[in-house]
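In this text, residue positions in the sequence shown follow numbering that gives the first Met the number 0: the first is 0, and each later residue adds one.
Right, one structure below, let's go through it.
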Amino acid sequence: MTGTMMMERTANGMAGMMPGMGMGMGMGTAPMAGTGMMAPNMVMVPRCTMKMEKVSGGMKVTCVCDDATAKAMMQNLCQMMAGGMCSLCCMMNGMMVCCCNMTMGVCKCEMTKDGCVMTCTSGDKACEAMIQGCCDCMTACMKAGCMCCMMMGGTPVCCCVC
């Protein structure tokens with residue numbers, strides 16, 4: 000499928016915080032004796048075109064998929080993960096350059112005919128400034144050639160490779 004890419008979920012720094020891992024099992028902890036190696040936690044992530052823009056009170060991220068299957072997958076992921084923390088991560092050459100956890104605002108995800116729109120806003124002026132600063136940072140990273148990934152609840156829902 001040309002509209003998706005593989006991504007390791009532990010790349011976002013959430014190892015040890017995922018369902019199915021026992022308490023105390025975190026980064027650097029060896030698996031229990033006799034269980035063998037843990038399988039990598041991979042997920043297929045829809046590729047899209049991502050556009051970020053400042054709006055009154057915060058920012059808006061528009062994700063558009065040309066491939067119908069990738070669009071449906073992204074929309075299903077967004078609906079399943081709705082209500083979880085939204086974050087945006089930029090990566091270059093497999094290394095995270097910047098990650099913005101949008102905890103300072105209220106994030107809403109709405110479906111469009113071509114994908115989805117995530118809006119993160121706050122009524123607090125300081126939080127609005129932080130959200131818009133994240134928008135500036137992510138936009139600069141993408142212009143410099145970084146891959147951007149939008150996650151909800153720690154699960155990647157769409158990625159843009161510029």
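Ideal Cβ placement from N, Cα and C applies to all residues, glycine included.
Strictly by DSSP, which residues pair up with Cys-136?
Among the bridge pairs identified by DSSP, Cys-136 is matched with none.
Lys-70 - containing alpha helix (DSSP H), residue span:
Counting along the chain, the unbroken alpha helix (DSSP H) around Lys-70 starts and ends at 67-80.
Proximity test, Met-94 beta-carbon vs the ligand PLP heavy atom, cut-off 7 Å
Only the bare structure without any ligand can be found here, which leaves the ligand PLP out of the picture.
Given a threshold of 16 other Cβ atoms within 10 Å of its Cβ, counted over all protein chains shown, does Ser-86 qualify as buried or as exposed?
Buried is the call here.
Evaluate the contact criterion for the region 112-121 versus the region 50-68: three or more CB pairs, one atom per stretch, below 8 Å.
Judged by pairs of C-beta atoms under 8 Å, the region 112-121 touches the region 50-68, as three or more such pairs exist.
Please return the same chain residues whose Cβ sits closer than 7 Å to the Cβ of Gly-104, not counting the five positions on each side in sequence.
Scanning its chain for C-beta atoms nearer than 7 Å, with the 5 sequence neighbours on each side dropped, one finds around Gly-104 the residues Gly-57, Cys-119, Thr-120, Ser-121, Cys-126, Ile-130, in chain order.
Where Cys-136 and Thr-68 are concerned, what is the direct C-alpha to C-alpha distance, given to the nearest angstrom?
In this model, Cys-136 and Thr-68 are separated by some 30 Å (Cα to Cα).
Below 8 Å on the Cβ atoms is my guess for Cys-157 versus Met-84; work out the distance and round it to an integer in Å.
In fact, because the Cβ distance is near 16 Å, the residues do not count as touching under 8 Å.
Using a Cβ-Cβ cutoff of less than 8 Å, which residues in the same chain neighbour Ala-143 once the five nearest sequence positions on both sides are dropped?
Hits under 8 Å: Met-91.
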